[in-house]
Ligand SMILES: [Fe+2]
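Here it is as structure tokens:
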């Protein structure tokens, strides 16, 4: 399971706080897997929460990129777009096997998010810090 640690910090407080919240949502998806409570209500609620929060968070990062004239803005936003597109295709009311769905979603998210934070967001964080953000 993914857990917050200082090694995930990108050095920008608002981004770190949002990453912590995202990790907490992912941990709650992990709890669903652990407790095997694969019911439509809990799954649709957590997926909706994740979907909302990912979009809020990406918008926040994209505003900072815009405002600071971040040179790698386009490639970074493309990565966000890929996840937004993936979220667009998810319809929990159209899933046959909740167990499989939630397991796969969880694995995918842990992978995507930890890779993205460690590589792409860290570069953004370093640039923002160089430009007087904290
Ligand atoms: Fe990002």
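Numbering (our numbering), first residue to last: 1 to 134.
Glycine is no exception: its CB is placed at the ideal position from the N, C-alpha and C atoms.
Just so you know, these numbers come straight off a predicted model, no measurement behind them.
Rounded to whole angstroms, the gap between the alpha carbons of residue 127 and residue 1 is 29 Å. Screening all residues for a C-beta within a distance smaller than 5 Å of any heavy atom in ligand 1 leaves 61, 121, in chain order. With respect to residue 108, residue 80 sits apart: the two C-beta atoms are not nearer than 7 Å.
Pairing residue 120 with residue 60 gives a Cβ-Cβ distance that is not under 7 Å. Residue 50 is positioned such that its CB atom lies no closer than 7 Å to that of residue 32.
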